[in-house]
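Asker: Throughout, the working numbering is defined as the position within the sequence shown, counted from one, plus 73. Ideal placement from N, C-alpha and C gives every residue a C-beta, glycine not left out. To start, I am sharing the structure in question, which I have written as structure tokens.
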Amino acid sequence: MDRLIIVSNRLPVKLERDGDSLKSTVSAGGLATGLKSYHRDNNSVWIGWSGMDADSKEEEKAITDILAKEQCSPVFLEKSLIEGYYDGFSNSTLWPLFHYFTEYTEFTEKYWNLYKEANQLFANEVIAKAKKNDTVWVHDYQLLLVPEMIKNVRPDLTIGF
């Protein structure tokens, strides 16, 4: 394995505006804590949503540059996409199903379509970054469609979920 590409909904760093500049801090808890030392000490790339809306193309570039220093690559998601893909389908449909609360499961076609759209954005970022012999690890139910989307374009990659 040349590189590990980790793909998760959120990146292991948090970005904040500090006046006119941006600063990053390491996230605590969950996946970020569990993989922090491996990610830091190995030739890995972490792909995910930065948690921040970019106000312009210039700010997207600034976010991308800051995250590159942390071995991260952002997926940019608009607020409406987050609401439909994450709050909607992931948390209102999949979370209850996967946690045995089927009576709370909600399904709307709009959320399903936004879920597919967001998953494609994550897959596109992996496809753009992946090199021969990379291994891709896709994490959690927010990204269930990503492995197949990647394999359709890059059948050479090893993908774990």
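For a quick check, are the C-beta atoms of residue 179 and residue 166 less than 8 Å apart?
Answerer: Yes, Cβ-Cβ distance for residue 179 and residue 166 is below 8 Å.
Asker: I'd like to know whether the C-beta atoms of residue 118 and residue 155 end up nearer to each other than 8 Å.
Answerer: Taking 8 Å as the Cβ cut-off, residue 118 and residue 155 do not qualify as a contacting pair.
Asker: Between which two residues does the alpha helix (DSSP H) harbouring residue 153 extend?
Answerer: 152-155 is the extent of the alpha helix (DSSP H) around residue 153.
Asker: For residue 127 and residue 90, I'd like the C-alpha separation in whole angstroms.
Answerer: The straight-line gap from Cα to Cα measures roughly 11 Å.
Asker: Do residue 104 and residue 95 have their beta-carbon atoms positioned less than 8 Å apart in this structure?
Answerer: In this structure, residue 104 does not lie closer than 8 Å to residue 95 by Cβ.
Asker: Would you call the segment 132-147 and the segment 162-176 touching, i.e. three or more CB-CB distances under 8 Å?
Answerer: These segments do not touch.
Asker: Going by beta carbon distance, what residues of the same chain come within less than 6 Å of residue 220, once the five residues before and after it are set aside?
Answerer: Hits under 6 Å: 211, 232, 234.
Asker: Using CA coordinates, which residue listed in 209, 76, 229, 83 is at the minimum distance from residue 149?
Answerer: For residue 149, the nearest C-alpha among the options comes from 83.
Asker: Buried or exposed for residue 216, please, with buried defined as at least 16 other CB atoms from any protein chain shown within 10 angstroms of its CB.
Answerer: The residue is buried, with at least 16 neighbouring Cβ atoms inside 10 Å.
Asker: Going by beta carbon distance, what residues of the same chain come within less than 6 Å of residue 177, once the five residues before and after it are set aside?
Answerer: Here the set comprises 169.
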